[in-house]
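Below: the structure, in structure tokens.
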Amino acid sequence: MAKRFLILVAGAGMAAVAGYATAASNWVEISERGNQICIRSNSIPNHTTGSFPNRGNPHRIRPQNINVCVTASPRKTNRARGAGPGAIGIALNGVLIRPGTADYWDPRSPRGHSRDRSSGWNLEGMGSARTLGIDSANAHVDNRGTYHYHGKPISALKTRGGTQVGYAADGFEIHYVGGRAKSGYRLKSGTRPSGPGGKYDGSYVEDWVYVGGAGTLDQCNGGMLNGKYVYFATNTFPFYPRCFFGRPSRSFRGL
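Take a look at the structure:
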């Protein structure tokens, strides 16, 4: 079946990396294939980035070959599926969305954190933004050179107009409506009983608890918009969905 193109953005911007522009510019193609929406991109953003490598992030941005597809008719189930530290979705500018991290508090590491999960205290990307070298677009770079978002992509919100900023891996749209979408998560009160100690300040995922309440989003940062269920990018934790009410596409595995 022939592809019906929904949007094509090429050469829409240059990414500043360590004080100079990359050789590649932003390229993204969004198309419809049967009952799937497919996104191909080089993962180069359509906006200026921070300088990479930097003190908290030793990696350099490199063009990627991103090719993912999601269902065009997602179905909401009654059970939330947990999402790992990998990509939970993709922005309309072709940059992956990864709100979680694979880093944990580790007092034995020179950096104070590592991939050793034994402490049980998982670094929160935006709560540890300075530690992880996250830039003003709420993004940084992994060891493969993949630039990706941890918080809402401030500079990319107008890619298509309207409020949609991307797609989650299970096919539900991701929208940003500012303060109109209120997270149901709250910081715990008091101090941490173990691990890094100190006051709950949002540096770790475990600093947060879902309490819900009237007018707040569900535990996957979802809710109704114009009569349909969508996920939201929010100004506060969890910033993006950390779980799915649909079935995530296998094409996001390893991203």
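Under UniProt numbering, think of the first position of the sequence shown as 1, with each following residue one higher. For every residue, glycine included, the Cβ atom is placed at its ideal position computed from N, Cα and C. Keep in mind it's a predicted model, so treat the numbers as computed, not measured.
- For Lys152, the number of other beta carbons within 10 angstroms of its own is at least 16, and it is reported as buried.
- By the beta-carbon neighbour count (other beta carbons within 10 angstroms, threshold 16), Ser203 is buried.
- Non-local beta-carbon contacts of Thr146 in its own chain, meaning distances under 6 Å to residues more than five positions away in sequence, involve Ser43, Gln64 in chain order.
- With respect to the C-alpha of Asn67, the residue from Val95, His47, His59, Arg81 having the closest C-alpha is Val95.
- Annotated three-state conformation of Gly89 is strand, per DSSP.
- Here the alpha carbon of Leu225 sits roughly 19 Å from the alpha carbon of Gly89.
- By the Cβ test, the segment 241-254 is not in contact with the segment 110-130, since fewer than three Cβ pairs between them sit closer than 8 Å.
- For the segment 69-120, the continuous beta strand (DSSP E) assignments of 3+ residues that do not extend past its boundaries occur at 89-91, in sequence order.
- Under DSSP, Arg40 shares a beta bridge with Glu29, Asn67.
- In this structure, the CA atom of Ala139 is about 24 Å from the CA atom of Ile37.
- Annotated as distal: Leu123 and Gly56, with beta-carbon spacing of 8 Å or more.
- For Ile174, the enclosing beta strand (DSSP E) starts and ends at 173-175.
- Residue burial is scored here from C-beta neighbours: Arg242 has at least 16 other C-beta atoms within 10 angstroms and is therefore classed as buried.
- Straight-line measurement puts the Cα of Ser119 at about 37 Å from the Cα of His47.
- Ranked by how close their Cα comes to the Cα of Ile134, the residues Asn143, His148, Trp121, Arg144 have His148 in first place.
- Thr71 and Asn35 do touch by the CB rule: their CB atoms are close to 6 Å apart, below 8 Å.
- Between Gln164 and Leu92, the C-beta spacing is below 8 Å.
- In the DSSP assignment, Val209 falls within the unbroken beta strand (DSSP E) covering 208-210.
- Within the model, the alpha-carbon separation for Val28 versus Ser189 is close to 43 Å.
- Here Asp103 has His113, Leu123 as same chain residues with Cβ atoms under 6 Å from its own Cβ, once five neighbours each way along the sequence are excluded.
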